[in-house]
Amino acid sequence: MKVPAVKGTRDFYPPLMARRNYLVDGWKAAANRNGFEEYDGPILEYLKMYQIKSGDEIVDQLFSLQDRGGRDLAIRPEITPTLARMVNQQINALPRPIKWFSVPRLCRAERPQKGRLREFFQWNIDVIGAEDLLADAEVICCALDYLQSTGLTADDVVVRISSRRMLAEMLKAIGVAEDQLESLYPLLDKKGRMAPDAFEAALGDLVPAADPMNKILDLMKAERLEQVSEGVTMTGPAQASVEELSSLFDLLDRMGVADFCRFDISIVRGLAYYTGVVFEIYDRDCELRALGGGGRYDNLLKQFGGPQVTATGLGMGDCVLAILLEEKGLLAGRVPTRSLDYYVACVDKRYFPQAVEIVARLRRAGRRANLSYRQTGLGKQLKQASEQNATEVVIVGAEIESQRVAVKALASGEQRVVAVDQFFAGLQA
RNA sequence: GUGAAAGUAGCUCAGUUGGUUAGAGCACUGGUUUGUGGUACCAGGGGUCGGGGGUUCGAAUCCCCUCUUUCACCCCA
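Quick look at the structure:
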């Protein structure tokens, strides 16, 4: 009976596994370059951990199960709650700022579509315990460091940046009541995906009075940070919040990534827990969904029973990223393929024991080496050596009777006969 | 959760108004080549035509259900 792979999951055959490792290794290298340390947590968590942050609706969007002890568990759909739990447990012992990263395997029970599967990998980097804007800038820079390492440029990707704090202060300055803010965020977040008149109608439902509503529409039209305050009576906090975002852009400029970054007031993020800088990374042509996103979340640790500790971070999934890199031709030739230092070919089965000895010695010397299990013609073995991307072939033939082998370099075709001991002595160098 | 399209060899796909034993290219295995690779030529293996049910003398082909894939919506941590 044939059993198919589960909906929305992938089988990582060697070529796909090589691609996955290429992405994950790049993420880890970039995080390490930027001073982040790796952590991981369990793939199973208590279901209620996700209900704390996102409410009950989340339950039908994740994979949950009951263990034999009757505990309600979930396969992690994100790692931030795990991070909050882990940090909270050791909050007083950890030196700050805490700069941690992880590449968790996550599952979400959604309908698969382009750039979204049910099982995927997500790079997460977070800075905890640093209120400084430099932390937000570093998170963005680290993501851009990675993206540039793949060959992407400012012509390919853009980071759209705004601030929850600024949006809140501006809305208040316009005359929106504080308790209305939370209900406005999801709608403002959706503005770009809605028809303009549908957006205005929905906004009218939330903010019936014409005065604040029209000012909200004007505010959301701002294309540059300087335009945000036009026609608004600025309060002190509102002014400060604009200046804060402005100094973030100064920092990003100083860090050499200004070309990638753009103010975009429509970046709100649907989630309630963001408190400051928010950003999303897109392909320039805007044909794909977001490559990643993040921002500042100052209350999350407290929600998970810890102290009020400031935090900022980002998540980037592997699905959209792989699609973009593929489209830009940045995978072919960059994803490493199987390769060998030596392929040991055996000319006659009489010499096979010596060939086995040689391949084992090569491996003990730290070289990647392979040989054919089956005695076939030398031509066939050379073909296999080529297919396995061997640099050199050690040919074990009649010369072995006088302790010598032929060594052939596949790229040039050059071949020399050398004493076995001399050959291995040469490997030390 | 809603809607649309698709599913034939490992992959990409042909397959006539329903008609004999379902094909091609690539890939794979072997050979031409018993001590020299990438090319070429020859041969071979591999299919319950996604699965189940129905209509029919006869189904890859028509109908229903189901699974999977793709795309869009909802949602997007």
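For the first sequence, position 146 matches number 129 in my numbering, and the numbering has no gaps at all.
Glycine included, C-beta positions come from ideal geometry on N, C-alpha and C.
Owing to the predicted nature of the structure, the values given are computational and were not obtained by experimental measurement.
Val7 has its alpha-carbon roughly 26 Å from the corresponding atom of Leu77. Counting C-beta atoms within 10 angstroms of its own C-beta, Gly18 has fewer than 16 neighbours from the protein chains shown and is therefore classed as exposed. Counting along the chain, Val318 sits inside no alpha helix (DSSP H), nor does DSSP assign it H or E at all. For Thr374, the enclosing beta strand (DSSP E) has its first and last residue at Ala373 to Val379. Note that the stretch 106 to 114 touches the stretch 291 to 308; at least 3 beta-carbon pairs, one per stretch, sit closer than 8 Å. Residue pairing for Lys391: DSSP places it in a beta bridge opposite Val376 and Gln398.
For the set Leu186, Asp247 and Glu227, the Cα lying nearest the Cα of Glu206 is the one of Asp247.
In the DSSP assignment, Asn353 forms a beta bridge with Tyr326. The alpha carbon of Gly187 has as its nearest neighbour, out of Arg176, Gly9, Leu202 and Leu167, the alpha carbon of Leu167. For Arg16, no beta strand (DSSP E) encloses it; the enclosing alpha helix (DSSP H) starts and ends at Pro(-3) to Arg16. With a cutoff of 7 Å on beta-carbon distance, Leu(-1) and Thr133 are scored as not near each other. Checking the DSSP bridge columns, you'll see Asn107 partnered with Ser85 and Gly298.
Of the candidates Cys125, Leu154 and Gly219, Cys125 places its Cα closest to the Cα of Lys82.
Judged by DSSP secondary structure, Glu263 falls within the beta strand (DSSP E) whose first and last residues are Val260 to Asp266. In the assembly as shown, Gln96 is an exposed residue. Its beta-carbon has fewer than 16 other beta-carbons within 10 Å. In the three-state DSSP reduction, Ser37 falls in the helix class (H, G or I). The distance from the Cβ of Glu102 to that of Arg88 is about 7 Å, consistent with a contact at the 8 Å cut-off.
Between Val251 and Leu171, the beta carbon gap of about 5 Å places them in contact (Cβ cut-off 8 Å).
For the set Glu152, Ser145 and Val376, the Cα lying nearest the Cα of Val390 is the one of Val376. Taking the C-beta atoms as reference points, Ile383 is found no nearer than 7 Å to Tyr326. As a beta-bridge residue in DSSP terms, Val140 pairs with Asp266. Per the Cβ contact rule, the stretch 270 to 286 is not in contact with the stretch 176 to 184 (fewer than 3 Cβ pairs under 8 Å). Rounded to whole angstroms, the separation of the alpha carbons of Thr63 and Ala57 is 14 Å. Judged by DSSP in its simplified three-state form, Gly275 adopts strand.
Within a 10 Å sphere around the beta-carbon of Asp266 sit 16 or more other beta-carbons, which makes this residue buried. For Arg99, DSSP records a beta bridge to Gln96.
Excluding residues up to 5 positions away in sequence, Leu56 lie with their Cβ nearer than 6 Å to the Cβ of Leu27 in the same chain. Between the stretch 114 to 129 and the stretch 149 to 162, the count of Cβ pairs shorter than 8 Å is below three; the stretches do not touch. Its chain contains Asp(-6) as the residues whose beta carbon lies nearer than 8 Å to that of Ala(-12), once the 5 sequence neighbours on both sides are disregarded; these appear in chain order.
Apart from sequence neighbours up to five positions away, the residues of its chain that approach Val141 with a beta-carbon distance below 7 Å are Phe243, Arg245, Tyr265 and Arg267, ordered along the chain. Rounded to the nearest angstrom, the gap between the Cα atoms of Ser47 and Leu30 is 7 Å. If you look at Ala57, you'll find it in the beta strand (DSSP E) that goes Asp55 to Ile58.
The distance from the Cβ of Phe287 to that of Arg68 is about 6 Å, consistent with a contact at the 8 Å cut-off. The three-state reading of DSSP puts Phe19 in coil, since its state is none of H, G, I, E or B. Here Phe246 is bridged, per DSSP, to Ile144.
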